[in-house]
Amino acid sequence: MACNSTFTPKPAGYFRIDFPKRAYQLFDQPGYPYSFEYPVYAQVMKDTTFFGKPNDENPWWINVDFPQFHGRIYISYKEVGKNKFDTLIKHAYVLTEKHASKAYSIDDSVLVTPNGVHGVFFTVGGNVATANQFFLTDSTRHFLRGALYFDATPNADSLGIVNRFLVDDMKHLINTFRWKSGN
0 MACNSTFTPK
10 PAGYFRIDFP
20 KRAYQLFDQP
30 GYPYSFEYPV
40 YAQVMKDTTF
50 FGKPNDENPW
60 WINVDFPQFH
70 GRIYISYKEV
80 GKNKFDTLIK
90 HAYVLTEKHA
100 SKAYSIDDSV
110 LVTPNGVHGV
120 FFTVGGNVAT
130 ANQFFLTDST
140 RHFLRGALYF
150 DATPNADSLG
160 IVNRFLVDDM
170 KHLINTFRWK
180 SGN
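Structure below.
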């Protein structure tokens, strides 16, 4: 019976994703040298491990988790002075360049936020583990790096819509970012 029916192949497609309404809340924890706004549909968690070992050396590392999208912005912070500024900048570029073998493009954009924070935003095209990364600095005391990852096999097509949605949230985080005085 099946051999006599007309077969119509279905086009490849992806699941429909319903995005939440954008709203933000303030991350301003005591003792942290920075603050910023992040989405209400995300959770900020302290990063307690570094390559499987306790992260006692970096008390201001956090993750901004997006459970609905299986995504995470890993945020690492280093003090300039304890670390050479040139080395921190070079390391940020090296980490981005690690994706060059899978990338078809790597674009970097210098940025200055409304709060006077300087940095660079990286957009990496292709099936890469992290398509969006950034660093922020005041060049004398503070250096912060962020990278958006998904708990999924890298596929620019299937992750594209979610990636674009969360990039807007990353840019909001960056544009509301402040270094705290006294830290």
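Residue numbers 0 to 182, in numbering that gives the first Met the number 0, belong to the letters of the sequence shown in order.
For each residue, glycine too, the CB sits at the ideal point set by N, CA and C.
Since we're looking at a predicted model, the values are computed, not measured.
Check, Outcome
"Straight-line gap, Val93 to Arg71 (C-alpha atoms, nearest Å)", "20 Å"
"Gly118 burial status per 10 Å Cβ neighbour count (16 or more: buried)", "buried"
"Alpha-carbon spacing of Ser108 relative to Val166, whole angstroms", "14 Å"
"8 Å Cβ cutoff met for Phe133 and Phe120", "yes"
"Residues near Tyr31 by beta carbon distance below 6 Å, same chain, minus five either side", "Trp59"
"Beta carbon of Val127 nearer than 8 Å to that of Ala102", "yes"
"Which listed residue (Met169, Tyr148, Asn114 and Leu158) has its alpha carbon closest to that of Arg177", "Asn114"
"Neighbourhood of Gly145 by C-beta distance below 6 Å, restricted to the same chain and skipping five residues each side", "Ile72, Ile74 and Phe133"
"Own chain, CB closer than 7 Å to Asp27, minus 5 neighbours either side, in chain order", "Ser34"
"Secondary structure of Lys77, DSSP reduced to three states", "strand"
"Residue nearest to Glu36 in terms of C-alpha spacing, selected from Asp85, Asp64 and Thr175", "Thr175"
"Option in Phe68, His90 and Tyr23 with minimal Cα separation from Leu158", "Phe68"
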